[in-house]
Amino acid sequence: MLSLQGHKVNMMLLYNVGYVFFIVFYLAKVGESWKNGFDKPLDFTCPVNKVISTIRSIHENWAEDRRWDFNCIWNKFASNICSWSGYVNSMDQTFAFQCPGNGYIAGVHSIHENWAEDRRFKFYCCQPKGKATINRCHYTSINWYDQPISHNVPHSFVWSGVVSNHADWAE
Numbered sequence: 013m014l015s016l017q018g019h020k021v022n023m024m025l026l027y028n029v030g031y032v033f034f035i036v037f038y039l040a041k042v043g044e045s046w047k048n049g050f051d052k053p054l055d056f057t058c059p060v061n062k063v064i065s066t067i068r069s070i071h072e073n074w075a076e077d078r079r080w081d082f083n084c085i086w087n088k089f090a091s092n093i094c095s096w097s098g099y100v101n102s103m104d105q106t107f108a109f110q111c112p113g114n115g116y117i118a119g120v121h122s123i124h125e126n127w128a129e130d131r132r133f134k135f136y137c138c139q140p141k142g143k144a145t146i147n148r149c150h151y152t153s154i155n156w157y158d159q160p161i162s163h164n165v166p167h168s169f170v171w172s173g174v175v176s177n178h179a180d181w182a183e
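If you read the sequence shown in my numbering, its first letter stands for residue 13, the second for the next number, and so on.
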């Protein structure tokens, strides 16, 4: 009789622990804002009159891929005169891309290939309103291969280009 009661108590504790894990797992998933899953396409565009303000990414070795997150903020020079680039890279290739003319990046599209464990990218480039110009460009090294990315674009700046290095040993 005591062992049965002990068993019931243990089962109740397991059920309670299970509920706690479910709640924690659910809240963690709800709080995530990734724009893509591992090995899944990425398709993100800022709303009209907004520019990318935050870039975040994490890498997982088991997937050999990244998840991406972007945030946008209103900018008085942001416009709706925008177009997509073609793919700017091939698999397993280093690339450098800058929006043409005086453009800034307001969106990113990417596909992942498992055989290459790499991504191809397209960028959504917009032309600023009025006489705003892109100048005082700064190169910012924001990560190292499998490391996380967390970068806030400084106020009054826009994201106008990308340089990405590829290394097979880092896959």
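Built from N, CA and C at the ideal position, the CB exists for glycine as well.
Could you name the residues of the same chain whose beta carbon sits closer than 7 Å to that of K47, not counting the 5 residues immediately before and after it, in chain order? L54, F56, W80, D81, F82
For W171, which residues from the same chain have a beta carbon less than 8 Å from its beta carbon, with the 5 sequence-adjacent residues on both sides left out? By the criterion of a C-beta distance shorter than 8 Å, W171 is surrounded in its chain by V63, I64, I67, Y116, I117, V165, once the five residues flanking it on both sides are discounted.
Compute the Euclidean distance between the alpha carbons of C138 and G173, then round it to the nearest angstrom. 12 Å
K41 - DSSP class collapsed to helix/strand/coil: Residue placement at K41 is flagged as unreliable, the pLDDT there being 46, under the threshold of 50; a coordinate-derived value is accordingly withheld.
Taking 8 Å as the CB-CB limit, is N177 close to chain C? You won't find chain C in this structure, because it holds only one protein chain.
H124, buried or exposed, once every other Cβ within 10 Å from all chains shown has been counted against 16: buried
For a test of the three-state rule: what should DSSP assign to D180, helix, strand or coil? DSSP, reduced to helix, strand and coil, places D180 within a helical segment of the structure shown.
Since I believe D158 is in contact with H71 (beta carbons under 8 Å), could you give me their beta-carbon distance rounded to a whole number of angstroms? 5 Å
In this structure, does DSSP put N83 in helix, strand or coil? strand
So the candidates are Q105, C84, T145; which of them puts its Cα closest to the Cα of G119? C84
Just confirm the distance between the C-beta atoms of S91 and K134, as a whole number of angstroms; I'd bet it's less than 8 Å. Actually they do not touch by this definition, with Cβ atoms about 19 Å apart.
How many Å lie between P160 and D77 at the Cα? 12 Å
Beta strand (DSSP E) segment containing Y136, residue limits: That run of the beta strand (DSSP E) goes 130 to 138.
Since S69 sits in a beta bridge, which residues does DSSP pair it with? W80, I161
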